[in-house]
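Numbering (the numbering used here), first residue to last: 646 to 815.
Beta carbons: idealized from backbone N, C-alpha and C, even for Gly.
Nothing here was measured: the structure is a model prediction, and the numbers come from that model.
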Ligand SMILES: [Zn+2]
Ligand SMILES: [Zn+2]
């Protein structure tokens, strides 16, 4: 049997490699744009260029209430979120061309949030492949992808490369 990696594993590995560039201690997300089998761009979540990032200036935290399942019960829970960074998916869109994106695939380490999904849905891409689930926005994101006819799938038995997964605070 061949030990050669399949394409899904290959591109998700690259997304995880990109995520290691992130300086936000709360979340390390990487994303890559693939057209056919060609890599057209890589991105991670980070502050705009030339602006102090989370490692220098600390996270910029906001508190929000969200519905979370606690011991089998839906409850409102207060959560903190860092808003200093541009999300990996949005950076990926900022650094790639619309014409390159038409019909392409995005590999992203984490299931996209609502805002990123909304932007990706209007970006020309036709497929999103993610690894770690992000349940908060999952229902409305899946509905959106269905409405737009975008393939939205996760990698079930995928294992990220050793030392690309960092422990983050939540
Ligand atoms: Zn941060
Ligand atoms: Zn996002």
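Q. Taking 6 Å as the cut-off, does the CB of residue 761 come closer than this to any heavy atom belonging to ligand 2?
A. Within the chain shown, numbered from 1, the residue matching residue 761 stands at position 116. Residue 761 Cβ: within cutoff of ligand 2.
Q) Which of the three DSSP states, helix, strand or coil, is assigned to residue 738? A) Walking along the chain shown from the start, residue 738 turns up at place 93. Helix at residue 738.
Q) By Cβ distance below 8 Å, which residues in the same chain neighbour residue 698 in space, the five residues on each side in sequence not counted? A) By 1-based counting over the chain shown, the position of residue 698 is 53. Shown here for residue 698: same chain residues with a beta carbon closer than 8 Å to its own, the five before and five after excluded, namely 668, 669, 691, 692, 729 and 730 in chain order.
Q.
What does the alpha-carbon distance come out to for the pair residue 687 and residue 712?
A. Within the chain shown, the letter at position 42 stands for residue 687. Within the chain shown, the letter at position 67 stands for residue 712. When rounded, the distance between both Cα atoms is 32 Å.
Q: Leaving aside the five residues before and after residue 723 along the sequence, list all residues of the same chain whose C-beta is less than 7 Å from its C-beta, in chain order.
A: Taking the chain shown and counting its residues from 1, the one referred to as residue 723 is at position 78. Spatial neighbours of residue 723 in its own chain (CB-CB distance under 7 Å, excluding positions within 5 residues in sequence) are listed in chain order as 708 and 710.
Q: Assign residue 655 to one of three DSSP states: helix, strand, or coil.
A: Counting from one through the chain shown, the residue named residue 655 turns up at place 10. If DSSP states are grouped into helix, strand and coil, residue 655 belongs with the helices.
Q) How about residue 796 and residue 733: do their beta carbons lie closer than 7 Å? A) Position 151 of the chain shown, counted from the start, is the residue given in the question as residue 796. Position 88 of the chain shown, counted from the start, is the residue given in the question as residue 733. In this structure, the beta-carbon distance from residue 796 to residue 733 does not fall below 7 Å.
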